[in-house]
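Report on one structure; see the data block that follows.
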Amino acid sequence: MTVQDSSAPAPPIIRKKITSHVGFSSLPNQVRRKSVKEGFQLTVMVVGESGLGKSTLINTLFNSPVCAPRAAERPRTVAIENIEADIEENGVRLRLNVVDTPGFGDFVNNEDSWNPIIQNIEQRFEAYLSQENQIRRTRMHDTRVHACIYFIQPTGQSLKEIDIELMRRLHDRVNLIPVIAKADTMSQDDVADFKERILSDLEFNGIQIFQAPVYEDDDEESIAEADAVSRAIPFAVVGSTRVVRTASGRLVRGRAYPWGFVEVDNPEHCDFVLLRQMLVRTNLEELRAYTNQFLYERWRSVTLLARGVVQDESAFMESDPTERLREERLIHEAKLAKMEGVMKQVFQEKVEMQEKKLKQSEVELYARHKEIKDGLDRQWAQLIEKKNRLTGL
């Protein structure tokens with residue numbers, strides 16, 4: 001068996017131009033057909049106070065009534081609601097799972113109100129880990145949260161303490177995407193200032209948010225789009241499923257006000273288009289991949305180590321069988337030597353214990369013997385004294 005030296009330089013890649021058709025150029029088409037057939041899975045969590053338009057924004061993002069209108073009565077505790085929907089567009093099927101968190105931040109005392117949210121995320125990780133440990137894993141169902149849209153109240157001030165605390169607990173478990181809700185209630189200058197304050201608070205508190213990746217082989221247009229998306233974070237969004245007629249007669253999704261119209265799909269009015277581009281059109285697979293390869297793997301490693309599971313790194317290393325047998329023999333001999341040392345120590349301790357008991361018994365016997373002898377001596381002295389008295393009479 002030949003063992004390659006990992007420190008040796010990798011052999012150069014030989015590039016050849018194929019003179020006839022082989023067929024592997026169709027691999028992307030094969031992957032596409034398989035993906036279209038199986039469909040895609042996306043789990044989005046929405047977090048924020050009541051009345052910030054979470055359900056409306058989800059319906060606007062997917063242009064479908066995914067979330068039904070919510071009752072006016074607010075829940076007394078932070079509840080977790082799962083909403084599942086199958087959406088199809090041009091033959092591509094998306095299994096969408098929306099995780100809503102009604103009740104968060106709606107109370108006077110919001111201490112520990114984030115616990116149900118964190119527990120729900122980790123329960124989904126736990127469910128996926130349980131599926132990985134099964135013998136048959138052909139039908140694994142992925143319900144892990146791939147993106148968390150965090151709705152920030154449009155106050156124009158800094159982030160609230162509860163927002164900072166929850167995002168600090170979320171950012172290493174989910175892909176965090178902060179948005180400024182109901183941005184049409186603020187002027188463009190106020191939105192720009194508010195974004196700077198939010199980014200400053202996030203950086204100061206060490207909170208990581210999802211950023212659209214840029215690859216080396218991306219063209220200039222793709223790089224420019226990714227840069228535009230990155231600069232827009234946190235997204236100032238407006239949600240609306242209503243179609244209104246503008247002053248020019250155009251039919252658009254948006255909201256009508258006495259002073260004019262707000263168009264949802266107009267980048268000059270809000271960042272909704274950029275949010276949709278990141279979440280669905282451009283980076284959906286990156287969100288899923290980062291969740292699986294980094295967020296879940298980090299949680300999995302910490303969880304298994306906490307349970308006492310230790311990975312044998314030597315299982316991933318190539319080695320000479322003879323050398324491996326020699327190492328195992330040395331390990332076995334070391335174990336025997338250790339066991340022999342332990343047995344000698346135990347034997348020595350038992351011998352010392354017996355000697356101590358014998359010495360203690362000897363001392364006790366000597367004391368008993370002395371006590372009996374002293375008693376006999378006293379009796380003998382008494383008898384002599386009695387004899388002398390009798391003789392004197």
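If you count by UniProt numbering, then the sequence shown holds residues 1 to 393, one letter each, in order. The beta-carbon is built from N, C-alpha and C at its ideal position, and this holds for glycine as well.
Is it right to say residue 271 is buried, meaning 16 or more other beta carbons lie within 10 angstroms of its own, or is it exposed?
buried
Can a CB atom of chain D be found closer than 9 Å to the CB of residue 359?
The structure shown contains no chain D; it holds only a single protein chain.
Using the Cβ count rule (16 or more neighbours within 10 Å means buried), how would you classify residue 277?
buried
When the Cα atoms are used, what is the spatial distance from residue 116 to residue 80?
7 Å
Which whole-angstrom value is the C-beta distance of residue 52 and residue 181, which I expect to be below 8 Å?
4 Å
Kindly provide the ranges of any beta strand (DSSP E) runs that are 3 or more residues long and lie completely inside the stretch 90 to 125, ordered along the chain.
92 to 100
For residue 41, which of helix, strand or coil comes out of DSSP?
strand
What's the gap between the Cα of residue 56 and the Cα of residue 307?
A direct Cα-to-Cα measurement between residue 56 and residue 307 gives close to 42 Å.
Can you have a look at residue 212 and say buried or exposed, based on whether 16 or more other CB atoms are within 10 angstroms of its CB?
buried
Please determine, among 207, 46 and 87, the residue with the shortest C-alpha to C-alpha distance to residue 120.
46
Mind checking which residues open and close the alpha helix (DSSP H) that includes residue 149?
In the DSSP assignment, residue 149 falls outside any alpha helix (DSSP H) and lies within the beta strand (DSSP E) extending over 147 to 152.
Is residue 66 helix, strand or coil by DSSP?
coil
Roughly how many whole angstroms lie between the Cα atoms of residue 63 and residue 305?
Spanning the two alpha carbons is a distance of roughly 43 Å.
Excluding sequence positions up to five away, which residues of its chain have a Cβ less than 6 Å from the Cβ of residue 262?
184, 238, 254, 255 and 269
Can you give me the Cβ contacts of residue 351 inside the same chain, cut-off strictly under 6 Å, excluding the 5 residues immediately before and after it?
none
Per the DSSP calculation, residue 84 is bridged to which residue(s)?
97
Please state the DSSP three-state secondary structure of residue 389.
helix
Tell me the DSSP bridge mates of residue 234?
Looking at the DSSP assignment, residue 234 forms no beta bridge with any residue, so it has no partner.
Looking only at its chain, what residues have a beta carbon closer than 7 Å to the beta carbon of residue 36, apart from the 5 residues adjacent to it on each side?
Counting only Cβ-Cβ distances below 7 Å, and skipping sequence neighbours, we find 91 and 92.
Could you work out which residue in 98, 134, 67 and 343 is closest to residue 82 when comparing CA atoms only?
The shortest Cα separation from residue 82 among 98, 134, 67 and 343 belongs to 98.
What's the gap between the Cα of residue 174 and the Cα of residue 148?
6 Å
Pick from 102, 138 and 146: whose alpha carbon is nearest that of residue 122?
146
Roughly how far, in whole angstroms, is the beta-carbon of residue 245 from the beta-carbon of residue 251, given that I think they are within contact range, below 8 Å?
6 Å
Could you tell me whether the Cβ atoms of residue 234 and residue 209 are closer together than 9 Å?
yes
Considering only their Cβ atoms, is the gap separating residue 204 from residue 157 smaller than 9 Å?
no
Checking 9 Å against the spacing of the C-beta atoms, do residue 169 and residue 114 come in under that value?
In this structure, residue 114 lies closer than 9 Å to residue 169 by Cβ.
Out of curiosity, what's the CA-to-CA distance linking residue 118 and residue 223?
34 Å
According to DSSP, is residue 210 helix, strand or coil?
coil
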